[in-house]
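These protein sequences, in sequence, are chains A and B. Taking the UniProt record's numbering, the leading residue of the first sequence gets 1, the next gets one more, and so forth. Taking the UniProt record's numbering, the leading residue of the second sequence gets 1, the next gets one more, and so forth. Ideal Cβ placement from N, Cα and C applies to all residues, glycine included. All of these numbers come straight from a predicted model, not from anything done at the bench. In what follows, a structure is listed as structure tokens, so that the remarks can point back to it.
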Amino acid sequence: MNEKVVLTGNQAIARGFYEAGGLIASSYPGSPTVGIIENMNNYKEIYSEFSTNEKVALEVAMGASFGGVRSLCSMKHVGVNICADPLMTFTQSTINGGFVLISGDDPGMHSSQNEQDNRVFGKFANMAILDPSDSQESKDFTKIGLELSENYSMPFMLRITSRLCHNRSVVNLEERKDIDIKAFEKDAYKYCMLPPYTEKAQYFMKERLQKLEDYAYNTDLNKLEEKEETDTIVITSGLVYQHLKEIDLDASIYKLGMVYPISIKKVKELSKKYKNIIILEEMMPFIENELKINGIDCKGKEYFSFTGEIQIEDVEKGLEKAGLIKERKLNEKQRLKVPSRSPQFCSGCPHRPIYDILKKAKVNVIGDIGCYSMGVLPPFEVHNINMSMGSSIGIVKGMRKAWDLAGNKKPLVAMIGDGTFFHSGVTGFINLMHKLDKNANMTIIILDNKTTAMTGGQPNASSDKEMDVSIEELLQTIGFERIKVLNQYSYKKAKSVIDEEIKHEGLSIIVATGPCALQYRMRHPHFYVDPDICISCRSCIRTNCPPLLMKKYDGHEKLKSFIDPDMCVGCSICAQVCPVNAIKRSKPDDDLKNK
Amino acid sequence: MDGKNILIAGVGGQGLVIATKIISEAALEAGYDVKTNDVIGLSQRGGKVYGSVKIDSKVYSPNIPHGECDILLAMEPMEGYRYSHMLKDNGMAIVNTYRIPSTSIQQEVEEYPEGMLADLKQKYNVSEIDVIKVGKELGNTKVGNTVLIGIMAKKLDIKKETWEKVIQKNVPEKFIDHNIKAFNIGYSYK
């Protein structure tokens, strides 16, 4: 087999796992790594799942490794925080079948709440870290990682970035190699991490890394590209290496495929040959610090940004600062001002009416992570706080206690989606019952659209296609009494329930249901505006549905609202908020009347 | 063919990902090295998105350096204009004229800019077309990107049959006919 195809980094990792004889892959969906598990479905030999959260996903993959098969676990960078507890012990124990953890880092925070550099996490956890620079390496490093993992009895991290997950580049396909399942042999020193067994494990962990550092001295994973008659060497890894290759630079390059551990012996040898060592890396000065703490003189972050993606232009600017290249003149930007364009709720999204209602209610709202995080953005600007997965439930309790102690009785609302609820909201809900003040005014709205919408509609415990767990029944089992279920498309009813529950002095939970308009392909006859009836009040416009716009009609002086029929999916919310019935359905139908 | 750098700009949800896939597979079929990057993630839905395709005998970075783009495919005029400084002098812009207003325009905080096309025409070669209109005539408004790819394909040294083969491979079976027609409308567009 010698077939060349173009693959994304995510597809290439899935392919690498397949070729390496991998059998069990788990994940929690999060940009940028969603495509890895989605592509595993193409290989019938592999069992893959989206677990309820990253901790569970890691535990599933750990179990598979202990069981003797090659396993993989993928997540976005912040997901590693969630699975940190089992991870820190897993790296102290041993593996049986090869194991690779994929951490999808997001320089520039394209779809993340922070920009943590998980190379630091890898080092913290005593894992080896591989850092690919294109799709071919993403595939190769997955395979090499699994193999080295077995050779050194340790879990490996494959650190990949958003740009690489989603880039497409040419990959050579190879055949799958079937790997024998290893027998599990009972050995408390290997698998039971309690004293007295753990002390030995500490030494084992250190020795493995030392051996791997010796391996790093002349592994093919790291590439030395030497130029003659230059006194400068650039040490780099990942995508920025490819950017560097676009620039005609009079310097040697040492490209690290394995960024931890680094062979200090090798770099010390290089430092004798070169006067200047420049470190080019995105986000934190990881390689730079590794060299500096080992007494190697080098420069890095004084030339390149500590945050955001480093683009080709940024590499040029940094090298210019370092005195290695001359300035390049860039084209000027546009003459006309280009308006901003932020992401927004889709046409027909069931969350939009809830945010319109909350905006009108003028309450303090604590948001969470999901599509509905867009409640932070204009025009709604409803969320006052938005932190991390599942945090809204714990935060609302803490804030309520604080306000009550200070005598502030203003209502507090918390939002959470169904995916987030099952990911890490449930424990917060159970904690809510603990020392609960009867009159503490908290309103929690669970937005149940039956899918993990933000990442493209993966199944979760709420999905009717999968486990179909009833959020309402689960909450009743925990002991919650005041739970209201409402249909998000039924605007007036929803508004009266939400307004009433906000006033209620005590805890109330609202489960607002409406299927994700994108995932369930909502398509009803579109609506149109009768400009003779429209009073230009902009009630419909404020719901922020994408097809709506104020427009000049012939024969009317004032701007009136207009609905683009090509974008409207017929959810009816604009018609429901119109005070004068100027918005009408293009064709009568019965399937979406107010229920 | 000399190397070509193609930048695609549009609004999240317009199909930028599949467009880069089609272009990259056609380039590989034609024997080139190719790299793309594009922005994914539902957090980008309705937001500004851009991607790149680089085709050459050997490609390193998937990103296009400022001012080194040969062809700009604008799936939406304002988004195309936003990234037009990435074009080379005398580069080519293929612009879908169907407008998608952003939130700030809908909420009357900012206005949709007028005169963008005239401005582009002063510096670049511009082809403009309303692909939604073309799509409606074909009975499918989702084929717009294929029309734009058709216009661009004419400028690249990749066989027409290669494009048609790759399009057939990448679109759902029941839409193949619509897409091939859409590609040909683009390919013969003056």
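Exercise for review: Determine the extent of the beta strand (DSSP E) in which asparagine 90 (chain B) is found, giving its start and end residues.
Suggested key: Looking at the DSSP string, the run of the beta strand (DSSP E) that includes asparagine 90 (chain B) is 87-96.
Exercise. What does a CB cutoff of less than 6 Å around isoleucine 416 (chain A) pick up in its chain, not counting 5 residues either side in sequence?
Worked result: Sequence-distant partners of isoleucine 416 (chain A) (beyond 5 residues in either direction) whose C-beta falls short of 6 Å from its own C-beta, in its chain, are Asp368, Ser392, Gly425 and Ile446.
Original post:
For chain A, is any of its Cβ atoms less than 8 Å away from the one on glycine 12 (chain B)?
Top reply: Taking Cβ atoms only, chain A reaches closer than 8 Å to glycine 12 (chain B), which makes this a yes.
- request: Find the nearest neighbour of serine 237 (chain A) within the set A:Asp231, A:Glu225 and A:Glu229, judged by alpha-carbon distance.
  value: Out of A:Asp231, A:Glu225 and A:Glu229, A:Glu225 has the C-alpha closest to the C-alpha of serine 237 (chain A).
Checklist entry - Within 8 Å (strictly less), CB to CB, does methionine 283 (chain A) reach chain B? => result No Cβ of chain B is located within less than 8 Å of the beta carbon of methionine 283 (chain A).
* Any beta-carbon of chain B closer than 8 Å to the one on aspartate 590 (chain A)? -> With a pLDDT of 47 at aspartate 590 (chain A), under the threshold of 50, the modelled position of that residue is not reliable, and the figure given next carries that caveat. Chain B contact via Cβ: absent.
So is glutamate 174 (chain A) in contact with chain B if we call contact Cβ pairs under 8 Å? At a cut-off of 8 Å between beta-carbon atoms, glutamate 174 (chain A) makes no contact with chain B.
Requested in this report: In the DSSP assignment, find the beta strand (DSSP E) that holds aspartate 33 (chain B) and state where it starts and stops.
Outcome: Note, aspartate 33 (chain B): beta strand (DSSP E), 33-37.
Legend entry - Beta-carbon proximity check, leucine 72 (chain B) vs leucine 87 (chain B), cutoff 8 Å: Against a cut-off of 8 Å, the Cβ pair of leucine 87 (chain B) and leucine 72 (chain B) comes out as a contact.
- Query: So, does the CB of proline 155 (chain A) fall closer than 8 Å to a CB anywhere in chain B?
  - Reply: No - not a single Cβ of chain B is within 8 Å of the one on proline 155 (chain A).
Next on the checklist: Does chain A have any CB closer than 8 Å to the CB of residue 191 (chain B)?
Outcome noted: Look at the range of chain B in this structure, 1 to 190, and you will see that residue 191 (chain B) is not part of it.
ask   = Leaving out five residues before and five after tyrosine 215 (chain A) in sequence, what residues of the same chain have Cβ atoms less than 6 Å from its Cβ?
value = So no residue of the chain qualifies.
**Request:** Under 8 Å by Cβ, that's how I've got glycine 63 (chain A) and asparagine 96 (chain A) pegged, so tell me the actual separation to the nearest angstrom.
**Result:** At roughly 10 Å, the Cβ-Cβ gap does not stay under 8 Å, so glycine 63 (chain A) and asparagine 96 (chain A) are not in contact.
Is it the case that the Cβ atoms of leucine 130 (chain A) and leucine 173 (chain A) are separated by a distance below 8 Å?
Result no, Cβ atoms of leucine 130 (chain A) and leucine 173 (chain A) do not sit closer than 8 Å.
Notebook entry, point to check: Does glutamate 288 (chain A) come within less than 8 Å of chain B when only Cβ atoms are used?
Noted result: No, no contact with chain B.
- Query: Helix or strand or just coil, what does DSSP make of aspartate 591 (chain A)?
  - Reply: Low confidence applies here, because aspartate 591 (chain A) scores a pLDDT of 46, under 50, leaving its location unreliable; read the following figure in that light. Here DSSP, grouped into helix, strand and coil, assigns aspartate 591 (chain A) to coil.
What residues in its chain sit with their C-beta under 6 Å from that of valine 147 (chain B), if we drop five residues either side in the sequence?
-> Only residues of its own chain outside the window of five on either side were considered, and among them Val131, Val134, Ala182, Ile185 and Gly186 have a CB closer than 6 Å to the CB of valine 147 (chain B), listed in chain order.
Roughly how many angstroms lie between the CA atoms of alanine 14 (chain A) and proline 547 (chain A), to the nearest whole one? Each residue's Cα considered, the two are about 38 Å apart.
Coarse secondary structure for threonine 230 (chain A), derived from DSSP in three states:
DSSP, reduced to helix, strand and coil, places threonine 230 (chain A) outside both helices and strands of the structure shown, so it counts as coil.
| From leucine 559 (chain A) to cysteine 568 (chain A), what distance separates their C-alpha atoms? | Rounded to the nearest angstrom, the two C-alpha atoms are 20 Å apart.
- Query: Taking the C-alpha atoms as reference points, what is the distance between proline 196 (chain A) and lysine 190 (chain A)?
  - Reply: Taking the straight line from one Cα to the other gives about 12 Å.
Note to self: I'd like to know if alanine 125 (chain A) contacts chain B, where contact means its C-beta is closer than 8 Å to some C-beta of that chain.
What the structure shows: Contact of alanine 125 (chain A) with chain B is not assigned, every C-beta pair being separated by 8 Å or more.
* Out of curiosity, what's the CA-to-CA distance linking aspartate 590 (chain A) and leucine 16 (chain B)? -> Low local confidence applies: a pLDDT of 47 at aspartate 590 (chain A) is under 50, so the model's placement there is unreliable, and no value is given.
- Within 8 Å (strictly less), CB to CB, does glutamine 168 (chain B) reach chain A? For glutamine 168 (chain B), the closest Cβ of chain A is not nearer than 8 Å.
- Spell out the partners DSSP gives cysteine 571 (chain A) in its beta bridges. As computed with DSSP, cysteine 571 (chain A) is found in no beta bridge at all.
Could you check whether the stretch 504-514 of chain A touches the stretch 438-456 of chain A, counting it as contact only if at least three pairs of C-beta atoms, one from each stretch, sit closer than 8 Å?
Contact between the stretch 504-514 of chain A and the stretch 438-456 of chain A is present, with at least three C-beta pairs closer than 8 Å.
Sheet register partners of leucine 291 (chain A) (DSSP bridge)
The partner list for leucine 291 (chain A) (beta bridge, DSSP) is empty, contrary to what the question assumes.
Beta carbon of aspartate 297 (chain A) nearer than 8 Å to that of phenylalanine 304 (chain A):
No, they are not a contact pair.
_Using beta carbons (cut-off 8 Å, strictly below), is glycine 46 (chain B) in contact with chain C?_
Although the question refers to chain C, the structure presented lacks it and instead comprises the protein chains A and B.
How would you call valine 34 (chain A), buried or exposed, if buried means at least 16 neighbouring beta carbons within 10 angstroms? Answer is buried; the Cβ neighbour count reaches 16.
| query | Does any CB atom of chain A fall closer than 8 Å to the CB of proline 172 (chain B)? | reply | No, proline 172 (chain B) does not count as interfacial toward chain A.
So the alpha helix (DSSP H) histidine 351 (chain A) belongs to, where does it begin and stop?
-> First-last of the alpha helix (DSSP H) with histidine 351 (chain A): 351-361.
* Asked: Applying a beta-carbon distance threshold of less than 8 Å, which residues of chain B neighbour glutamate 246 (chain A)?
  -> Tyr60, Ser61 and Pro65, listed in chain order.
Q: Compute the Euclidean distance between the alpha carbons of arginine 538 (chain A) and leucine 7 (chain B), then round it to the nearest angstrom.
A: Taking the CA atoms as reference points, arginine 538 (chain A) sits about 37 Å from leucine 7 (chain B).
* Mind checking if glutamate 25 (chain B) is an interface residue toward chain A, Cβ cutoff 8 Å exclusive? -> Taking Cβ atoms only, chain A reaches closer than 8 Å to glutamate 25 (chain B), which makes this a yes.
| query | Does the beta-carbon distance from serine 462 (chain A) to arginine 482 (chain A) come in below 8 Å? | reply | Against a cut-off of 8 Å, the Cβ pair of arginine 482 (chain A) and serine 462 (chain A) comes out as no contact.
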